[in-house]
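Chemist:
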Amino acid sequence: MSLKPRMASPVALVPDLADPLQALGRALFASAEQSGIPKRTLFLVYLRVSRINGDSVCVELHSRNALQAGETPERVMAVAGWRDSARFTEAERAALALGEAMARIADRPDPVPDEIYREAERHYAGQALATLIAGIATANLYNRLNVATRQVAAAN
133 MSLKPRMASP VALVPDLADP LQALGRALFA SAEQSGIPKR TLFLVYLRVS
183 RINGDSVCVE LHSRNALQAG ETPERVMAVA GWRDSARFTE AERAALALGE
233 AMARIADRPD PVPDEIYREA ERHYAGQALA TLIAGIATAN LYNRLNVATR
283 QVAAAN
């Protein structure tokens, strides 16, 4: 496989797409702040989703963003094996499980089982849960754009 993108990012090529996507990101982080979701949690979940989806651009971006938001290098590295790590809170585990389920919707007949949803809902109610779900969906959107066009982290 070539380490060269197939094309420029669709976000750059489709007229009027970049601004709404950037506005979506700002809205999600504003909502996270209003509803009490730490930025670090969002970055860790986005990082896990991006690793599952094989998006090197977003893996590097969210790793960097998590570190800038005060996350430790040890926790950033442990995201891949979060289930076997004592470094994450129950709330973070619920968010990571929801992120994994939403990234793997084709892998099982009930992609987001009730127990995963209920555990996320136990830690993130109302606006916070909606923000988390919309954020994970947005991470998946970017992952699919980057993977389809083989965007390369070093090329961006």
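Count along the sequence shown from 1, add 132, and you get the number used in this note's numbering.
Glycine is no exception: its CB is placed at the ideal position from the N, C-alpha and C atoms.
Using the C-alpha atoms, what's the distance from Asp148 back to Leu230?
Modeler: The sequence position of residue 230 within the sequence shown is 98, counting from 1. The sequence position of residue 148 within the sequence shown is 16, counting from 1. Answer to the nearest angstrom: the Cα atoms are 31 Å apart.
Chemist: Out of curiosity, what's the CA-to-CA distance linking Gly242 and Ala155?
Modeler: By one-based count along the sequence shown, residue 242 stands at place 110. By one-based count along the sequence shown, residue 155 stands at place 23. The residue asked about is misnamed: residue 242 is Asp in this sequence, not Gly. Spanning the two alpha carbons is a distance of roughly 31 Å.
Chemist: Pick out whichever of Ala159, Ala210, Asp239 has its Cα sitting closest to the Cα of Arg225.
Modeler: The residue given as residue 225 occupies position 93 in the sequence shown. Arg225 has its Cα closest to that of Ala210, out of Ala159, Ala210, Asp239.
Chemist: What would DSSP say about Ile237, mapped onto helix, strand or coil?
Modeler: On the sequence shown, position 105 is the one that residue 237 refers to. In the structure shown, Ile237 sits in coil (DSSP, three-state: anything other than H, G, I, E or B).
Chemist: Rounded to the nearest angstrom, what separates Arg254 and Thr221 at their Cα positions?
Modeler: Counting from 1 along the sequence shown, the entry for residue 254 is found at position 122. Counting from 1 along the sequence shown, the entry for residue 221 is found at position 89. The alpha-carbon atoms of Arg254 and Thr221 are separated by roughly 13 Å.
Chemist: Rounded to the nearest angstrom, what separates Leu273 and Leu174 at their Cα positions?
Modeler: The residue you call residue 273 lines up with position 141 of the sequence shown. The residue you call residue 174 lines up with position 42 of the sequence shown. Going by the C-alpha atoms only, they are around 15 Å apart.
Chemist: How about Arg172 and Ala201: do their beta carbons lie closer than 8 Å?
Modeler: Here residue 172 corresponds to residue number 40 of the sequence shown, with the count starting at 1. Here residue 201 corresponds to residue number 69 of the sequence shown, with the count starting at 1. Yes, these two residues count as a Cβ contact at 8 Å.
Chemist: Helix or strand or just coil, what does DSSP make of Met139?
Modeler: Taking the sequence shown and counting its residues from 1, the one referred to as residue 139 is at position 7. It is coil, neither helix nor strand.
Chemist: Ignore the nearest five residues each way along the sequence and tell me which others in Ala164's own chain have a CB closer than 7 Å to its CB.
Modeler: The residue given as residue 164 occupies position 32 in the sequence shown. Excluding positions up to five away in sequence, the list reads Lys171, Leu174, Thr263.
Chemist: In this structure, does DSSP put Ile169 in helix, strand or coil?
Modeler: Along the sequence shown, read from residue 1 onward, the residue named residue 169 stands at position 37. Correct three-state label for Ile169: coil.
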